[in-house]
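Okay, structure first, notes after.
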Amino acid sequence: MRAAQSSAAEGEVWRVLARVPDPEIPVLSIVDLGIVRYVHRAADGRLHVGITPTYTGCPATAAIRSATRAALDEAGHGDALLEEVLSPPWTSDWVTPEGRAKLEAFGISPPAATVQGRMSQPVRCPRCGSLATERISEFGSTPCKAHYVCSACREPFDHFKCI
Amino acid sequence: MSTAAAAPARRDRALNEALFRYVLRLADTSLVLGQRLGEWIGHAPALEEDLGLANLALDLIGQARLLLTYAGEIEGQGRDEDALAFLRDAPEFLNLTLAEQPNGDFAHTIVRQWLIDAWQIEVYEGLAGSADTRLAAIAAKALKETRYHYRFSSGWLARLGDGTAESQARAQQAVDSLWRFTGELFTADEIDERMAAAGIAPQLAAAAERFARRVAEDLNQATLARPAHQPYPWHGKRGVHTEHLGHLLGEMQHLQRSYPGVRW
Numbered sequence: 060m061r062a063a064q065s066s067a068a069e070g071e072v073w074r075v076l077a078r079v080p081d082p083e084i085p086v087l088s089i090v091d092l093g094i095v096r097y098v099h100r101a102a103d104g105r106l107h108v109g110i111t112p113t114y115t116g117c118p119a120t121a122a123i124r125s126a127t128r129a130a131l132d133e134a135g136h137g138d139a140l141l142e143e144v145l146s147p148p149w150t151s152d153w154v155t156p157e158g159r160a161k162l163e164a165f166g167i168s169p170p171a172a173t174v175q176g177r178m179s180q181p182v183r184c185p186r187c188g189s190l191a192t193e194r195i196s197e198f199g200s201t202p203c204k205a206h207y208v209c210s211a212c213r214e215p216f217d218h219f220k221c222i
Numbered sequence: 315m316s317t318a319a320a321a322p323a324r325r326d327r328a329l330n331e332a333l334f335r336y337v338l339r340l341a342d343t344s345l346v347l348g349q350r351l352g353e354w355i356g357h358a359p360a361l362e363e364d365l366g367l368a369n370l371a372l373d374l375i376g377q378a379r380l381l382l383t384y385a386g387e388i389e390g391q392g393r394d395e396d397a398l399a400f401l402r403d404a405p406e407f408l409n410l411t412l413a414e415q416p417n418g419d420f421a422h423t424i425v426r427q428w429l430i431d432a433w434q435i436e437v438y439e440g441l442a443g444s445a446d447t448r449l450a451a452i453a454a455k456a457l458k459e460t461r462y463h464y465r466f467s468s469g470w471l472a473r474l475g476d477g478t479a480e481s482q483a484r485a486q487q488a489v490d491s492l493w494r495f496t497g498e499l500f501t502a503d504e505i506d507e508r509m510a511a512a513g514i515a516p517q518l519a520a521a522a523e524r525f526a527r528r529v530a531e532d533l534n535q536a537t538l539a540r541p542a543h544q545p546y547p548w549h550g551k552r553g554v555h556t557e558h559l560g561h562l563l564g565e566m567q568h569l570q571r572s573y574p575g576v577r578w
């Protein structure tokens, strides 16, 4: 019974976190981004929420932490502990399938399914679907994005870096 | 040895002090190089490169924050990342002398970056398997970023070296003038040896060979010559710096020094 109550509370917290947007790509929630590592009630009776940074220098990290804190507080989980987890390091493999679909619909080409397979997977234009695309720069408007252009429709676009 | 393995949490004081200084060396090299790259913002030759250098700077400063925070915890005197970054003087900074060298032209910045990226790849690969789990986690995270920094810098090295007569001359000049700072990268002192013996840091001798091979291949691809002169043994990681570091710190620390404790 205790376990069932605990997992229901954890499920509710996951739903709360699924409404916290990434500040730089607001169509993605922090759950879509794959940076929430765990939600669990520990032996001390408190909820522990583990979050991992994407890039070590990502300026959004502090904003994400405070938005997550605020969302937990508002949902009545003011005593939940927010913890930073470094290992294993985040990679774009952690972006969920829902997250990838949202990125593409928003006009950002999603990362390859796996970092290992990135060489064999061409980057697809999120606008016209062409695979004839060219990288302009490995660095874009945020640390997690690279700058591409489509050779078919000539539209420039962001590609979520595969790292 | 066996006691150390049995109780890794109870480090002796000398090892703790050596670890503190070792982590500061890594942190300060990232911080100082990140600050240097930040000087390019708004001045790079093209918008893409402006963004690229700023992205590298962000990653490096992010790595420095993780490392400085850890260094402060090892020291146990209550100094956080900000106290260590903004309230130490030049002789207390333990970065590689190469990292503090001025930006010069774009070729100088690229060559400096390429040498440090290649050094960081070796160091972080070794540290990813460190007996110190915190350092291993930071290194594994930083390594992913360092690999694409290296793609950026080695790619530009090849384009500048194997480019126009002007770009080649400038790239060669940068290699020739920065080469003298490379002796420090893989010269182990007692702190490096102590860390390697404790299984915390990689053996620098093996890393030095891989670094030398990589550098030779990259120079070859870029049609640049490896300088014949021997690098001078600088001692930035022991706190002995060129005058450039003082100027860099003067700018970086100005706000905290002028208005102690000021917050955003």
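Residue numbers (the working numbering), protein chains in the order written: chain A, 60 to 222; chain B, 315 to 578.
Cβ atoms here follow ideal geometry from the backbone N, Cα and C, with glycine treated the same way.
Using a Cβ-Cβ cut-off of less than 9 Å, list which residues of the region 429-463 of chain B approach chain A; keep chain order.
-> T447, R448, A450, A451, I452, A454, K455, A456, L457, K458, E459, R461 and Y462
Quick check: the region 380-389 of chain B against the region 543-551 of chain B, are at least 3 beta-carbon pairs closer than 8 Å? no
Rounded distance between the beta-carbons of E395 (chain B) and R379 (chain B), thought under 8 Å
5 Å
Practice problem: Under 8 Å by Cβ, that's how I've got G93 (chain A) and G376 (chain B) pegged, so tell me the actual separation to the nearest angstrom. | Solution: With 8 Å as the limit, G93 (chain A) and G376 (chain B) do not qualify as a contact, their Cβ atoms being about 19 Å apart.
Inspect the beta-carbon positions of F219 (chain A) and P169 (chain A) and report whether they are closer than 8 Å. yes
Are the CB atoms of A521 (chain B) and V437 (chain B) nearer to each other than 8 Å?
yes
Less than 8 Å between the beta carbons of A488 (chain B) and A421 (chain B), yes or no?
yes
Notebook entry, point to check: For the alpha helix (DSSP H) that contains H639 (chain B), what are its first and last residues?
Noted result: Since the first and last residues shown for chain B are 315 and 578, residue 639 (chain B) lies out of range.
Subject >> Status (buried if at least 16 other CB within 10 Å, exposed otherwise) for A519 (chain B) >> reply: exposed
query: Just to check, is the beta-carbon of D506 (chain B) closer than 7 Å to a non-hydrogen atom of the ligand MG?
result: Judged by which ligands are present, the structure shown has none, so any question about the ligand MG falls away.
Quick check: the Cα distance between L499 (chain B) and S468 (chain B), rounded to an integer number of angstroms? 18 Å
Using a Cβ-Cβ cut-off of 8 Å, state whether G166 (chain A) counts as contacting chain B.
no
Exercise. Listed from N- to C-terminal order along the chain, which residues in the region 196-213 of chain A have their beta-carbon within a distance smaller than 8 Å of any beta-carbon of chain B?
Worked result: S196, E197, F198, G199, S200, P202 and H206
Assigned secondary structure, I430 (chain B) (DSSP; H/G/I helix, E/B strand, else coil): helix
Would you mind sorting D403 (chain B) into buried or exposed? The rule is 16 or more other CB atoms within 10 Å of its CB. exposed
Distance cutoff 8 Å, beta carbons only. Does G116 (chain A) sit that close to anything in chain B?
yes
* Asked: Looking only at its own chain, which residues have a Cβ that is under 6 Å from the Cβ of L351 (chain B), when we skip the five neighbours before and after it?
  -> L367, L370 and A371
Practice problem: Going by DSSP, name the residue or residues bridged to V98 (chain A). | Solution: A:V108
State the start and end residues of the unbroken alpha helix (DSSP H) segment that holds Y384 (chain B). L361 to E389
Please check if any C-beta of chain A sits within less than 8 Å of the C-beta of L392 (chain B).
In the sequence as presented, Leu is not what sits at residue 392 (chain B); that position holds Gly. Answer no: the Cβ-Cβ gap between G392 (chain B) and chain A never drops below 8 Å.
| field | Stretch pair the region 159-166 of chain A + the region 335-352 of chain B: three plus CB contacts closer than 8 Å | value | no
**Request:** Report back the beta-carbon spacing between P416 (chain B) and H558 (chain B) to the nearest angstrom; my notes put them in contact at under 8 Å.
**Result:** 6 Å
So with Cβ pairs under 8 Å, would you call Q482 (chain B) a contact of chain A?
no
Self-check item: Buried or exposed (CB count within 10 angstroms, at least 16 for buried), C221 (chain A)
Solution: buried
Inset, instruction - Alpha carbon to alpha carbon, how far is G104 (chain A) from V425 (chain B)? Give it in angstroms, no decimals. - result: 54 Å
Assuming contact is defined by CB atoms lying nearer than 8 Å, are F525 (chain B) and W433 (chain B) in contact in what I supplied? yes
*At a CB-CB cut-off below 8 Å, which residues of chain A make contact with D373 (chain B)?*
Y114, T115, G116 and P202
- Query: Pick from B:Q486, B:Y384 and B:E565: whose alpha carbon is nearest that of P541 (chain B)?
  - Reply: B:Q486
What's the gap between the Cα of L457 (chain B) and the Cα of D431 (chain B)? 10 Å
(message) Using only CA atoms, which one of A:A119, A:L131 and A:G137 lies nearest to W73 (chain A)?
(response) A:L131
Which residues, in order along the region 463-478 of chain B, keep a beta-carbon less than 8 Å from a beta-carbon of chain A?
R465 and F466
Contact set for L562 (chain B): own chain, Cβ-Cβ below 8 Å, skip 5 residues either direction: V346, Q349, R350 and E414
Quick one, are the C-beta atoms of Y384 (chain B) and I435 (chain B) less than 8 Å apart?
-> no
Just verifying my parser: in three-state terms, what is the DSSP assignment at P547 (chain B)? coil
Q. What residues from the region 127-148 of chain A come within 8 Å of chain B, judged by C-beta to C-beta, listed N to C?
A. L145, S146, P147 and P148
What does the Cβ neighbour count give for H555 (chain B), buried or exposed, with the cut at 16 atoms within 10 Å?
buried
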